[in-house]
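As numbered in the numbering used here, residues 1381 to 1791 make up the sequence shown, in order.
Just so you know, even glycine gets a beta-carbon here, dropped at the ideal spot from N, CA and C.
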Amino acid sequence: MGISADQDLASAWSELPYLDDPMPLYERLRNEAPVFRTPDGFWYVTPYELVSEVLRHPRLYASDRSNSAEPDPYRVDPADGLYARIMSKVILSQDGVAHRRLRNLVGPAFTRGAIEDFRTQVRQGIVAQLDEMLEASSGRGERACDLKADFTLPIPTRIILEMFGFPRAEASRFYEMADTIVAPIDRATPEEWHRQASAVFERHWEFVIDAARERKENPGDDLLSRVVTSDDAEGGVTDLELLAFVAFLITAGFETTANTFASGMYRLMQDPEQLTAVREDPSRTRGAVEEMLRFEPATRNSTPRFVLEDIELGGQVLRKGETVFVSIHSANHDPDVFDNPEQFDIDRHPNSHLSFAAGPHACLGMALARMELEEGINALLRSLPDLELAGTPEWHPSLVIRGLRNLPVKW
Ligand code: HEM
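Written out as structure tokens, the structure is:
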């Protein structure tokens, strides 16, 4: 699906979740309406400079939804169901002191140095997953698989579950919570959505809270133990905060990395010369990872920001309480910042993409994500020197994430 040159921007914009190639639309938005009023009444920002401006100024653009003048009916629940209560507690919806408090709880576990201690464990997880993938394909009598389902999704899932001290067998619980957090585009009416989404969290509440209680009594060397035993000014986390924390962190831990890995490998395999270059010289993997992050950022748009005072941005006046989304995908392809942005180039330097956002909410897991991608790509290319595409993958229709549904490969 694509947009036509004479299509009006409002109708083109509403097709964004379904566009395999949204670049022509982003280009038009950057040129014709850099701060665009969408048909739904929020602001959509596409040029790099303005995206960066919004992300870096939380005193002008807040994350806490209580600053919204027109609350999103899919987030505000008159029946006060569990889903809306959980979403009001996730780290990305906090500002200022409340935000710093949550970040301080697990921040130290995600620094580059702390993550480096996990490298051996990450490598072992990757080798084990590769073995499972090869065994399953040879069991089917094939040298082919869906790389998304069999490799790029299971790797970050097993790593983040291990970091939390949850068995892999529990993955489906977290997939279900993740599908709810990454809201699908075909949600039912707000009432029905709140009912369904709350039911998901009610199903898993006991499992998480029981595990937390158990870790409080017998703390281990894992993230859950760290969170439940931390005692801050508030006297530790509440059960509601705990479920929000675990569900969000685990979702953030696998969904984004899995998508970057799959779309990144797709782009790399489309260019056999660069694929060979990375395979033959692992010192080039780091550059390839940064370009994969830039080219197809898994979080295509930020979570919403709410205007705290009337302000001018990109020639528009934004009013207090209005909602702003920034397009990380568009910013990463802005020709004012990146030379020849549609060229996938593993040697791009500098590569100041915004895929991990910027400002106070900049991704907490970036060191872990980079390590998983680097180790995963190296292991894959070393073990399967003949790896190549075996079909055209499908993009997942979404306004929130940019990711492939599948990635058919052979070797
Ligand atoms: C390639 C992989 C990843 C990408 C592209 C990515 C992207 C992002 C982006 C864009 C944000 C900011 C969103 C916003 O401001 O609206 C974010 C925040 C966050 N990410 Fe990641 N992420 C990735 C991997 C991870 C991993 C592996 C973890 C943890 C295990 C993680 C944990 C978080 C957390 C906790 C936040 C919220 C930070 C805050 O509010 O202070 N992410 N991520």
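CB of residue i within 7 Å of CB of residue j, strictly
{"i": "L1698", "j": "V1687", "result": "yes"}
{"i": "A1749", "j": "T1637", "result": "yes"}
{"i": "G1695", "j": "L1430", "result": "no"}
{"i": "R1410", "j": "P1427", "result": "yes"}
{"i": "L1761", "j": "R1659", "result": "yes"}
{"i": "H1733", "j": "N1712", "result": "yes"}
{"i": "G1600", "j": "G1545", "result": "yes"}
{"i": "V1502", "j": "E1752", "result": "yes"}
{"i": "I1466", "j": "F1581", "result": "yes"}
{"i": "L1510", "j": "A1738", "result": "no"}
{"i": "S1710", "j": "Y1406", "result": "yes"}
Residues sharing a beta bridge with residue i, DSSP
{"i": "N1681", "result": "S1707"}
{"i": "Y1424", "result": "F1416 and F1705"}
{"i": "K1790", "result": "A1524 and E1768"}
{"i": "I1691", "result": "L1698"}
{"i": "W1775", "result": "L1784"}
{"i": "F1675", "result": "F1675 pairs with nothing; no bridge assigned."}
{"i": "F1686", "result": "A1442 and T1703"}
Where the alpha helix (DSSP H) through residue i begins and ends
{"i": "N1484", "result": "G1476 to V1486"}
{"i": "V1658", "result": "P1652 to E1660"}
{"i": "I1630", "result": "D1619 to M1649"}
{"i": "V1456", "result": "First-last for V1456: undefined, no H or E at that position."}
{"i": "Y1555", "result": "A1551 to I1561"}
{"i": "D1590", "result": "P1570 to E1597"}
{"i": "T1532", "result": "Here T1532 belongs to no alpha helix (DSSP H), and DSSP marks it neither H nor E."}
{"i": "E1755", "result": "M1746 to S1763"}
{"i": "L1440", "result": "Taken as a continuous stretch (DSSP letters only), L1440 belongs to no alpha helix (DSSP H), as it is neither H nor E."}
{"i": "T1491", "result": "No alpha helix (DSSP H) holds T1491; DSSP gives it neither H nor E."}
{"i": "E1515", "result": "R1499 to G1519"}
{"i": "L1462", "result": "L1462 to M1467"}
{"i": "V1608", "result": "L1603 to T1609"}
{"i": "L1389", "result": "L1389 to W1393"}
(message) Three Cβ pairs or more, each shorter than 8 Å: is that satisfied between the segment 1614-1634 and the segment 1534-1541?
(response) yes
(message) When you compare the segment 1640-1650 with the segment 1741-1748, are there three or more beta-carbon pairs, one atom per stretch, that lie closer than 8 Å?
(response) no
(request) Would you be able to state if there are at least three C-beta pairs under 8 Å between the segment 1774-1784 and the segment 1551-1565? (result) yes
(message) Within 8 Å, do at least three Cβ pairs link the segment 1590-1599 to the segment 1607-1623?
(response) yes
(message) Counting beta carbon pairs with one atom in the segment 1571-1586 and one in the segment 1445-1465, are three or more of them shorter than 8 Å?
(response) yes
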